[in-house]
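Read the structure below first, then the notes.
Chains as they are written, first to last, in this note's numbering: chain V, 10 to 185; chain G, 10 to 185.
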C-alpha cells in the first residue's frame, strides 16, 4: 500500500491510527496525536509532525519510547511476538539467522546495555547489517545515558521515516 | 495478581511494561516513561506519576490518548479485538449484551460524537451501567471540544486507577 498525501489527509482518525499506528514502535498515541495537525503538505510534513511531538516529550517520555522497542535478536524474535514491522526489519538485517554464538553475544550485549541505561539498544536495522549492529552495540555501551537516549531517539526517527515511506508516496504533491 | 509496591519498585522495565503497559489503554509509552521515576512510595504515587505525565502532554497528545480507546459496544467488541481489560470492563457494564436497538443507538451516538470531536467517547465503564452510559453519551455530545477532551482524560484516569488497583495492593507500605 502506498497512498498519496491527499488520501492520508482525509482518513478518519481510526483508519489513520490503524495504518500509521506503529510507525513509532508500539506508540500509537504519537500517530493518534499528530492526526490533530492534519492536513499535511506532504510526507515530510507528516514525518516532521511526529518528530516534533517526540522532541517535545520530557526525557522520561523519550526513554518510554525506547522501552517500547524489542531487543534485537531477542526474546520476541525467538518467540514470534515481534510486531510485523520489527520482524521484517530484523530479518532484513540478518537478526533471524544468527548462529548460536552470535545469539549469545547479542543477548549478553543487550543485557549489559539495558542494565546500564534502563532502556534497550535501538538501531535502525534496515540501515545496518549484522556486523555493523554488533559493532555499534559494543561501541555505544560505554556512552553516557543522555547521549544514548538522544542517539536511540535518532534511530527511532530513522525507523519511523522508513516505515512511513512504505505507506505514503514520497514527495507526492498535496492535491487538497 | 496483586503485588506490593516494593515488588513493583524492583521490576526491570520489561516486566513493568508487560504488567502495567495497558493501564492507559494502548499507551505503554506512558507506563514505560514513569518507570524512570521509581521507586514509588505507594500505589497513589505511581498513579500520580501517570497522571502528571498525561497532564504534561500537549492537547494533541491528550487527544491521542483518547483516540487509542475503542468505541463502547463498537466494532472491536463485536469482532473480539478489544484488549483484555476493555473486554472485561465493557462486559461488566453490560455493553456485550445490548439488544439490537441498543447496539444501533450506541453506534449512532458514537458516530455523532466522533464526527463532532475527532476522538471517541470515553467513560469509565466500571463506574457506570448501561443506562448511565447511554445517557451521558447523549448529554455530552453538545459540549465544547476542550470540555470533552478534559472530561475524557478524567475518565481515562479513573479507568487507569481501577486497572492499577487490580495489580497493586492499595496503600501497601513501601518496604524498600
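Even glycine gets a Cβ: it sits at the ideal position worked out from N, Cα and C.
| Query | Result |
| --- | --- |
| CA nearest to the CA of residue 59 (chain G), picked from G:178, G:162, G:147, G:179 | G:162 |
| Cα-Cα separation between residue 175 (chain V) and residue 169 (chain V), rounded to whole angstroms | 10 Å |
| Selection of the segment 24-35 of chain V by Cβ proximity to chain G, strictly under 8 Å | 26, 35 |
| Residue from V:138, V:88, V:17, V:123 with nearest C-alpha to residue 157 (chain V) | V:123 |
| Meets three-Cβ-pair contact criterion under 8 Å: the segment 81-95 of chain V and the segment 72-85 of chain G | no |
| Ranges of the alpha helix (DSSP H) found wholly within the segment 75-151 of chain G, counting only runs of at least 4 | 84-88, 93-101, 109-126, 139-149 |
| Stretch pair the segment 10-18 of chain V + the segment 46-59 of chain V: three plus CB contacts closer than 8 Å | yes |
| Bridge partners - residue 177 (chain G), DSSP secondary structure assignment | G:12 |
| Own chain, CB closer than 8 Å to residue 91 (chain G), minus 5 neighbours either side, in chain order | 79, 85, 99 |
| Runs of alpha helix (DSSP H) wholly within the segment 18-77 of chain G (minimum 4 residues, chain order) | 22-29, 37-43, 52-65, 68-76 |
| Residues that residue 72 (chain G) contacts on chain V, provided the C-beta gap is smaller than 9 Å | 22, 41, 42, 44, 45 |
| Status (buried if at least 16 other CB within 10 Å, exposed otherwise) for residue 106 (chain V) | exposed |
| Nearest neighbour of residue 21 (chain V), chosen from V:125, V:153, V:35, V:43 [CA to CA] | V:43 |
| Cutoff 8 Å: residue 184 (chain G) Cβ touching any chain V Cβ | Reliability fails at residue 184 (chain G), whose pLDDT of 49 lies under 50, so the model's placement of it is uncertain and the value that follows must be treated cautiously. No - not a single Cβ of chain V is within 8 Å of the one on residue 184 (chain G). |
| Alpha-carbon spacing of residue 55 (chain V) relative to residue 61 (chain V), whole angstroms | 10 Å |
| Contacting residues, own chain, Cβ-Cβ under 8 Å from residue 52 (chain G) (five flanking each side not counted) | 14, 173, 174, 177, 178, 179, 180, 181 |
| is_contact[residue 162 (chain V), chain G] using C-beta, thresh 8 Å | no |
| Cβ-Cβ distance between residue 134 (chain G) and residue 101 (chain G) below 8 Å | yes |
| Where residue 157 (chain G) sits in the DSSP three-state scheme | helix |
| Within-8 Å CB hit, residue 18 (chain V) to chain G | no |
| Inter-residue spacing [alpha-carbon to alpha-carbon] between residue 154 (chain V) and residue 68 (chain V) | 11 Å |
| Minimum Cβ-Cβ distance from residue 37 (chain V) to chain G less than 8 Å | yes |
| Near-chain G residues of the segment 97-120 of chain V - C-beta to any C-beta below 7 Å | none |
| C-alpha gap between residue 130 (chain G) and residue 119 (chain G), whole angstroms | 7 Å |
| Burial state of residue 89 (chain G) (16 or more Cβ within 10 Å) | exposed |
| Proximity winner among G:151, G:132, G:142, G:150, relative to residue 254 (chain G) (alpha-carbon distances) | With chain G represented from 10 up to 185, any question about residue 254 (chain G) goes unanswered, as that position is not in the structure. |
| Option nearest residue 142 (chain V) by Cα separation, candidates V:114, V:152, V:128 | V:114 |
| Chain G residues whose Cβ lies nearer than 8 Å to that of residue 93 (chain V) | Near residue 93 (chain V) there are no residues of chain G at all, since even the closest Cβ is about 16 Å away, more than 8 Å. |
| 8 Å contact criterion, which residue 94 (chain G) and residue 31 (chain G) should meet: CB distance rounded | 6 Å |
| Beta-carbon proximity list for residue 160 (chain V), same chain, < 8 Å, skipping 5 on both sides | 149, 152 |
| Chain V within 8 Å of residue 65 (chain G), Cβ atoms only | yes |
| Chain-ordered neighbours of residue 128 (chain G) on chain V, where CB pairs are closer than 8 Å | 22 |
| Partners in chain G for residue 88 (chain V), counting only beta-carbon separations shorter than 9 Å | In chain order: nothing, as chain G lies at least about 13 Å away. |
| Cβ of residue 172 (chain G) within 8 Å of any chain V Cβ | no |
| Spatial distance of residue 29 (chain V) from residue 116 (chain V) (CA atoms) | 30 Å |
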